[in-house]
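Just so we're aligned: 73 in the working numbering is position 56 of the sequence shown, and the numbers increase by one with no gaps anywhere.
Worksheet: the structure to be examined is printed underneath.
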Amino acid sequence: MASSLMVASSGTALKNVNARSRSRKTKSVKCSGSVHNLPLLNMPEDMNNDRDAVLLFAQELRRACSESGFFYLKPPKSIFGEEENREIFEAAESFFALSMEEKMKMDYAKSPQFRGYVSLGLENTKGKIDAREQVEFGVNSAPKRSEDMTHFYERLVGPNQYPSPEFEETMEKFIERMDGISRQLTRYLALSLGLEEIYFDHMFAEQPNMQMKICRYPPPSIANSESSFGVGPHTDTSFVSILLQDDVGGLQVEVEKNVWIDARPIEGYFVVNIGEMLQIMTGGYYKATPHRVLSPPSSIENKARLSIPYFWNPRLDFVAKEDGEIVKKGWTTTDEDIGSHDNSAMSNRIINVYGENAFKSLARSHPNVFAKHHPDLLVRSDGTIEERKI
18 MASSLMVASS GTALKNVNAR SRSRKTKSVK CSGSVHNLPL LNMPEDMNND RDAVLLFAQE
78 LRRACSESGF FYLKPPKSIF GEEENREIFE AAESFFALSM EEKMKMDYAK SPQFRGYVSL
138 GLENTKGKID AREQVEFGVN SAPKRSEDMT HFYERLVGPN QYPSPEFEET MEKFIERMDG
198 ISRQLTRYLA LSLGLEEIYF DHMFAEQPNM QMKICRYPPP SIANSESSFG VGPHTDTSFV
258 SILLQDDVGG LQVEVEKNVW IDARPIEGYF VVNIGEMLQI MTGGYYKATP HRVLSPPSSI
318 ENKARLSIPY FWNPRLDFVA KEDGEIVKKG WTTTDEDIGS HDNSAMSNRI INVYGENAFK
378 SLARSHPNVF AKHHPDLLVR SDGTIEERKI
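Next comes the structure, spelled out in structure tokens:
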């Protein structure tokens, strides 16, 4: 376990490295007469050896999370390198190349946990169909017995579906690697806010409710879709989300209201964004920024887009609220719209109990599976889930 490293409560240690941070790499995109930067950050190999590098990275991380809520991240090669990248994409390609009959053996409609294969056109965002097919994964475990449950969101605990032992091995290996990256990033996020590096550890412990997907976005001509969106505008319910994408592109970030920029693929880098849980805890200082995916253009030889999003989530019973220790540090947001930044427009009330927030998102995106396996529950217009009255 890494040793605890404290950053001065005033943020002095972080501010002392501001000058050197000016040399960091950024990706500049011009929009509406201004320039928006999605930072390129390189995670230090070791949190213990080079304190200056750790503090510099934490300072760069704070700026990225507070200004755009999105950034590129290169993890240490010891955790994730070219071999791991190749393996996960080869596995994704091999699955999507299967016949529909084979893929449907993993039909997610069989899963109360919303796990398995989701065929093209079955998921929606804000009621609009997403033009992608995907496989949903979570923490692979036995489901809880109903008599052992105290909250409805415990129904999300359960097994994954896999087409073969080899595929399962590749997915679980990837999940293990992403767990390592996420835990290390979580400690850097604590340092970036002037907190002890282990400050957020209790949120996850041995029970983080991680989720991941492998996704395929066909061009509209193949998808037979009139929509230009693979996924419509949304924010993530996670603590942070980490995306691995191929070279096709399509991810866009809303850096200002109605101003969207491309988060183009950069070799060797993940794309990371802040989720709703961390936004709540920082009082909006760290932003859960809306993003979307455009369908691949038909001009690229009908090439589909592949991506692997990994959602680093706290344990199901975690209750997110504005954190007093973070508030004491004096971090403030200048974004007056942060409380409703596209969330109110989407009738997407953020629920502070993580399990409830996650269940709400799945129930809305997959109404048929929700109705099949959870007929005793209903989703109100504001996202609240409650038992049906008999």
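Just so it is clear, CB atoms sit at the ideal spot from N, CA and C, and this is done for glycine as well.
On a predicted model such as this, the values are computed, not experimentally measured, just so you know.
Could you give the first and the last residue of the continuous alpha helix (DSSP H) run that contains residue i?
i	result
residue 182	182-209
residue 384	384-390
residue 322	Premise fails: residue 322 lies in the beta strand (DSSP E), 322-329, not in any alpha helix (DSSP H).
residue 68	68-84
residue 343	341-345
residue 103	99-113
From what residue to what residue does the beta strand (DSSP E) around residue i run?
i	result
residue 404	402-404
residue 88	87-91
residue 309	308-311
residue 229	228-234
residue 212	No beta strand (DSSP E) holds residue 212; DSSP gives it neither H nor E.
residue 395	394-396
If you draw a straight line from the C-alpha of residue i to the C-alpha of residue j, how long is it?
i	j	result
residue 109	residue 72	37 Å
residue 116	residue 340	49 Å
residue 172	residue 97	32 Å
residue 379	residue 75	33 Å
residue 123	residue 348	46 Å
residue 372	residue 101	30 Å
residue 401	residue 376	10 Å
residue 385	residue 392	10 Å
residue 139	residue 217	35 Å
residue 170	residue 292	19 Å
residue 189	residue 388	29 Å
residue 207	residue 281	28 Å
residue 346	residue 182	49 Å
residue 163	residue 55	45 Å
residue 252	residue 290	9 Å
residue 65	residue 91	18 Å
residue 403	residue 107	41 Å
residue 187	residue 121	20 Å
residue 298	residue 390	32 Å
residue 219	residue 228	18 Å
residue 250	residue 142	7 Å
residue 145	residue 335	30 Å
residue 82	residue 125	34 Å
So, are the CB atoms of residue i and residue j less than 8 Å apart?
i	j	result
residue 234	residue 366	no
residue 204	residue 214	yes
residue 221	residue 332	yes
residue 57	residue 283	yes
residue 288	residue 89	yes
residue 337	residue 369	yes
residue 87	residue 254	no
residue 60	residue 262	no
residue 455	residue 259	Given a span of 18 to 407 for the chain in the structure shown, any question on residue 455 remains unanswerable.
residue 104	residue 180	no
residue 381	residue 395	no
residue 248	residue 85	no
residue 184	residue 112	yes
Excluding five sequence neighbours on each side, which residues of the same chain lie with their C-beta closer than 6 Å to the C-beta of residue i?
i	result
residue 177	132, 154, 157
residue 78	205, 209
residue 195	327
residue 295	256, 303
residue 383	131
residue 231	109, 152, 325
residue 268	280, 310
residue 67	none
Going along the chain, which residues of its own chain have a beta-carbon closer than 8 Å to the beta-carbon of residue i, five neighbours each way excluded?
i	result
residue 130	155, 160, 172, 173, 174, 175, 176
residue 342	212, 216
residue 127	133, 178
residue 166	172
residue 225	156, 196, 199, 329, 330, 331, 332
residue 397	403
residue 286	57, 89, 90, 91
residue 135	125, 150, 151, 152, 153, 383
By Cβ distance below 7 Å, which residues in the same chain neighbour residue i in space, the five residues on each side in sequence not counted?
i	result
residue 265	313, 317, 320, 322
residue 62	93, 95
residue 374	254, 293, 367, 368
residue 344	300
I'd like the ranges of any alpha helix (DSSP H) spanning at least 4 consecutive residues and lying wholly in the segment 243-300.
Taken in chain order, the unbroken stretches of alpha helix (DSSP H) that lie wholly in the segment 243-300 and span 4 residues or more are 293-298.
Runs of beta strand (DSSP E) wholly within the segment 119-175 (minimum 3 residues, chain order):
Unbroken beta strand (DSSP E) stretches of 3 residues or longer found wholly inside the segment 119-175: 133-135, 150-155, given in chain order.
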